[in-house]
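Data block below; observations after.
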Amino acid sequence: MAECIGGNIEGFAEMMNAKAQELGLNSTHFITPHGLDMPEHYTTAFELAKMADYALNIEKFANIVNTKSITISINDRSKTLTNTNELLGNLYGVNGVKTGFTNGANRCLVTSVNRDGMSIITVVLGADTKKDRTNDSIKLIEYAYSNYEIYNLEDIINEKYNEWKQINENRIEVIKGKKENVSTRLEELDNYYYPIKKLDREKINVKIFNLSEINAPVQKDSYIGKLCVYNDKEKILELTISTKKSIEKLKFIDYLKNFIINNIKNMENAI
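For the sequence shown, the residue numbers in my numbering are 4 to 274.
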């Protein structure tokens, strides 16, 4: 496959390294497509998890690693291929991903699990036996589901933004603008779910920081501030607050018009 796609092993390894850089895997370097022990062929547990997360978004790959066994035909003979992932089909929610073994790495297992809408990936490297890698993987999986949950941040974000909008939006002054104040919008996300420890639910809090003034002209989508979500003191999310519409700068004719209008009002009040 490497020779077919990359022309040769070296060419395919270059493609693998290019993809690793694209994914931000700065502690990963490939020499071969098969992964056998070589000094300059390396990665980390965290980056293996990132690779698995990327690959699981490819439907064909996800289906393959979630297949317990399959019977194929080779030269008119049937052969059954069995997945070497010992957790697949034996532990609730497991749907992949990959076993591994070399003399240098020992027994390894990358496992993906989905239970009740919460997906995790665990990585065990360097286990002495299959039993060890299985038991360590189970411990990691059960720990994650016992202690973590997926928290929907959307409600608290919208609540705090709307509170800020009612009180503070009109306090942002537009200097020399045809309008004195701005109307704002909050950056939207495709996914507001975030993993937290179950004991940390009450520690989720929101802070909003904004400009006190902005000079006209103001372009649409100009930066006004940011909404930050914290788990206690750790910032876990930042969303941009920006202008909904553009605001033109006052021209001389506008100043003259305002001057005349104000004088007329003053004269009317004096009568």
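Beta carbons: idealized from backbone N, C-alpha and C, even for Gly.
Keep in mind it's a predicted model, so treat the numbers as computed, not measured.
Where Met-2 and Gly-92 are concerned, what is the direct C-alpha to C-alpha distance, given to the nearest angstrom? Nothing in the structure corresponds to residue 2, since the chain is present only between 4 and 274.
Residue(s) in a DSSP beta bridge with Cys-231: Lys-210 and Glu-241
Put Thr-137 into one of helix, strand or coil per three-state DSSP. Helix at Thr-137.
Say yes only if the C-beta of Ile-153 is nearer than 7 Å to one or more non-hydrogen atoms of the ligand ZN, and no if none qualify. Ligands displayed in this structure: none; no statement on the ligand ZN is therefore possible.
According to the neighbour-count rule (16 or more other Cβ atoms, all chains shown, within 10 Å of its Cβ), is Arg-110 buried or exposed? buried
Nearest candidate by alpha-carbon position, reference Ile-199, set Tyr-226, Tyr-45, Val-221 and Tyr-151: Tyr-151
The region 63-70 contacting the region 92-101, beta-carbon criterion three pairs below 8 Å: yes
Could you spell out the range, first to last residue, of the beta strand (DSSP E) harbouring Lys-280? Shown here, the chain extends from 4 to 274; a query on residue 280 therefore has no answer.
Euclidean distance between Cα positions of Glu-216 and Val-113: 51 Å
Measure from the alpha carbon of Glu-43 to the alpha carbon of each residue in Arg-136, Ile-153, Lys-181 and Ser-30, then state which is nearest. Ser-30
Val-126 - containing beta strand (DSSP E), residue span: 121-130
Using a Cβ-Cβ cutoff of less than 6 Å, which residues in the same chain neighbour Gly-103 once the five nearest sequence positions on both sides are dropped? Cys-111
Would you be able to state if there are at least three C-beta pairs under 8 Å between the region 158-165 and the region 76-92? Because the criterion of three Cβ pairs below 8 Å is not met, the region 76-92 and the region 158-165 do not touch.
Using a Cβ-Cβ cut-off of 6 Å (strictly less than) and excluding sequence neighbours within five positions of Asp-224, which residues of its own chain qualify? Only residues of its own chain outside the window of five on either side were considered, and among them Ser-245 have a CB closer than 6 Å to the CB of Asp-224, listed in chain order.
Can you give, in chain order, each stretch of the beta strand (DSSP E) that sits fully within the region 44-107 and has at least 3 residues? 72-77, 80-85 and 97-105
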